[in-house]
Amino acid sequence: ELTRSPRGLPGDATEGAPPSAAAVAAPVVRVLLTGGPGAGKSSALATLRDRISKRGFQVIVVPECATALLDGCGGYDPAWHGTPKHVKLQQLFLKHQMQNEELMGSFAELRPGKPHLVLHDRGCLDGRLFCTPEQWEEVLQGAGATEDALLKRYDLVIHMTTVAAGMERLYDYGLGSTNPARYHTPEQARQADEKVQEVYARHPHIRVVPNFPDFSDKIEAVVRCVMEAVQVDGIMGPREREMIAPLPNSLDRSILPVDFEVYDIQVTYLDAGFTESIRRRQQVPVGHRNGDGGGGLAGEVSCMAAGEPPAVLYEFRQEFQLDGKWISTRKVLTHDAYSVLKQARATTCTELRKQAICFKWQDSYYEVYAYFDHAGAPVPSSCPLRGCHVLDRPRDAPRAAVARLGEDRGGGEGGEGGR
184 ELTRSPRGLP GDATEGAPPS AAAVAAPVVR VLLTGGPGAG KSSALATLRD
234 RISKRGFQVI VVPECATALL DGCGGYDPAW HGTPKHVKLQ QLFLKHQMQN
284 EELMGSFAEL RPGKPHLVLH DRGCLDGRLF CTPEQWEEVL QGAGATEDAL
334 LKRYDLVIHM TTVAAGMERL YDYGLGSTNP ARYHTPEQAR QADEKVQEVY
384 ARHPHIRVVP NFPDFSDKIE AVVRCVMEAV QVDGIMGPRE REMIAPLPNS
434 LDRSILPVDF EVYDIQVTYL DAGFTESIRR RQQVPVGHRN GDGGGGLAGE
484 VSCMAAGEPP AVLYEFRQEF QLDGKWISTR KVLTHDAYSV LKQARATTCT
534 ELRKQAICFK WQDSYYEVYA YFDHAGAPVP SSCPLRGCHV LDRPRDAPRA
584 AVARLGEDRG GGEGGEGGR
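Final position of the sequence shown in our numbering is 602; the numbers increase by one with none missing.
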């Protein structure tokens, strides 16, 4: 029986057989960057625009509107605070933000054959930070909006933590600073950061990026989150999973008729309910493999490729139910934070390793998973995943040829080693 992957977003997939590129518009992915003052959003937006455009995407940046409106209309009058005029102002901000997002997003219609990434510099719910709960309800009613509808405007939310939280030396504000328009003190910036994170916590796809000793590492973490959303993470439509016959034990370029990448993912579950985990992911070079045939982790690398070693991504993941729906959140970790969490739960955690084979076929993105114990050996015989692979694919994407690859190429001969 097919089971739906919790990583996919409902409502975005094309129904029926996958159409040709000429028959349907290319995908549009909407990413919201938010966070407290001094988080590095401007740097991230600039980097993303440069990097993603090189991958064939048209990048559209939707700017934050409140500042521009205030600058052009005489600024905020303190006498409005706590009065109906403050509510009216926030309604104007929200309406303008919604209209601006829709207008900028419409530019994608001018290039229907090209995929688009729409980057939002702050979002429609940011006005909630400046209102009491009662005022915010009035704002929503006046704008004809609901929080659920506003959250659905974004496929992915990336919260960048303010540098005022732990890296105060990088936080600059006030007259004489590099950003004289920023007026929050470090303490106020930290409070604002926490409030922003609370506002978007209900989004099903939120990534929290912490501070890194090297600021460039923080920007790289944001770039990886977006690249995953665009290419890997199923964010452009709902996905399904099914068990298939195992692929050959020795992974070289001949096992699939398409180019593919392989990732080794170490998963450490921190609780008995398997709702919290930390993960270490690294790309594995493919081609020169020992094919040990001993039933261990398929195709262990016998030699590393020349040049820089593959980047390692560390994450904390948490899944919880909210209003009857499963919500999955991610937080990028530094190596040190990952090590501390792993050591703190060393006696109670559950570990496994997952091998992910990732490829595109007929304009759709696929992943094939194999699971092992923490040492790379087959999982216990009591585990239903033993002796098979799991195919993760877009809903309604073709599956027959991929699902039969293991059978057609003798995948069963590898037995449990193919896991």
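Each residue gets a CB set at the ideal place from its N, CA and C atoms; glycine is no exception.
query: Straight-line CA distance for Q449 to K537?; result: 6 Å
query: Cβ of G306 within 6 Å of any heavy atom in the ligand HEM?; result: This structure does not include the ligand HEM; it has no bound ligands of any sort.
query: If we ignore side chains and look at the alpha-carbon of each, how far apart do C566 and L339 end up?; result: 33 Å
query: Could you name each continuous alpha helix (DSSP H) segment of 4 residues or more that falls completely within the region 495-583, going from the start of the chain to the end?; result: 518-527
query: Keeping to the same chain, check which residues put their C-beta closer than 7 Å to that of Y521; ignore five residues upstream and five downstream.; result: I461, R463 and Y497
query: Just to confirm, is the Cβ distance from V322 to Q274 under 7 Å?; result: yes
query: Run the CB neighbour count on Q280, radius 10 Å, all protein chains shown included, and call it buried at 16 or more, exposed below.; result: buried
query: How should G507 be labelled, buried or exposed, when 16 other C-beta atoms within 10 angstroms of its C-beta is the threshold for buried?; result: exposed
query: Within 10 angstroms of its Cβ, does A481 collect 16 or more other Cβ (buried), or is it exposed?; result: Low local confidence applies: a pLDDT of 45 at A481 is under 50, so the model's placement there is unreliable, with the coordinate-based value given in what follows. That one is buried.
query: Could you check where the beta strand (DSSP E) with E444 kicks off and where it finishes?; result: F443 to Y452
query: Rounded to whole angstroms, what is the Cα-Cα separation between T230 and P563?; result: 45 Å
query: Round the Cβ separation of H572 and A553 to the nearest angstrom and send it over; I've been treating them as touching at under 8 Å.; result: 5 Å
query: Take R528 and list the residues in its own chain whose beta-carbon comes closer than 7 Å to its own, dropping the five residues that flank it on each side.; result: L453
query: Quick one: using the 10 Å Cβ neighbour count with 16 as the cut-off for buried, is P613 buried or exposed?; result: The requested residue 613 is not part of the displayed model; the chain covers only 184 to 602.
query: Please identify the residue among Q282, P210, K525 and A222 whose C-alpha is closest to the C-alpha of A404.; result: A222
query: How big is the Cα-Cα spacing for C314 and K278?; result: 16 Å
query: Pull up the distance between the alpha-carbon of A326 and that of P440, whole angstroms please.; result: 52 Å
query: Sort G349, R407, R422 and H269 by Cα distance to L312 and report the nearest one.; result: H269
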